[in-house]
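Encoded as structure tokens, the structure appears first; notes follow it.
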Amino acid sequence: MPTVQADRLTKIGSALLRAAGASQEEANAVAVGCVNANLAGHDSHGI
Numbered sequence: 004m005p006t007v008q009a010d011r012l013t014k015i016g017s018a019l020l021r022a023a024g025a026s027q028e029e030a031n032a033v034a035v036g037c038v039n040a041n042l043a044g045h046d047s048h049g050i
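The opening position of the sequence shown corresponds to residue 4 in this note's numbering, with each subsequent residue numbered one higher.
As structure tokens, then:
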């Protein structure tokens with residue numbers, strides 16, 4: 004499994020959400036939330 008830095012993963016997640024139709028604000032909020040949850044030990048959504 005490759006290691007990806009949190010800031011890069013947030014940018015990737017946000018870009019994927021934008022491509023799926025989310026607004027920039029929504030995409031950033033969801034991506035930041037998912038990455039921060041994972042960093043806090045709450046693994047979910049395959050992150």
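Virtual Cβ for every residue (Gly too), placed ideally from N, Cα, C.
Residue from the options with nearest C-alpha to residue i
i: ALA9; options: VAL35, SER26 and LEU20; result: VAL35
i: ASN31; options: LYS14, HIS45 and GLY44; result: LYS14
Whole-angstrom C-beta distance between residue j and residue i, which should lie under 8 angstroms
i: GLY39; j: ILE50; result: Reading off the sequence shown, one finds Asn at residue 39, where the question assumed Gly. That belief does not hold up - the Cβ atoms of ASN39 and ILE50 are roughly 10 angstroms apart, past 8 angstroms.
i: CYS37; j: GLY16; result: 6 angstroms
i: VAL33; j: LEU20; result: 6 angstroms
Where residue i sits in the DSSP three-state scheme
i: ILE50; result: coil
i: SER52; result: Since the first residue shown for the chain is 4 and the last is 50, residue 52 is missing from the structure and cannot be characterised.
i: ALA43; result: coil
Closer than 8 angstroms to chain D by CB, residue i
i: VAL7; result: As a matter of chain content, chain D is missing from the structure shown, which is built from one protein chain.
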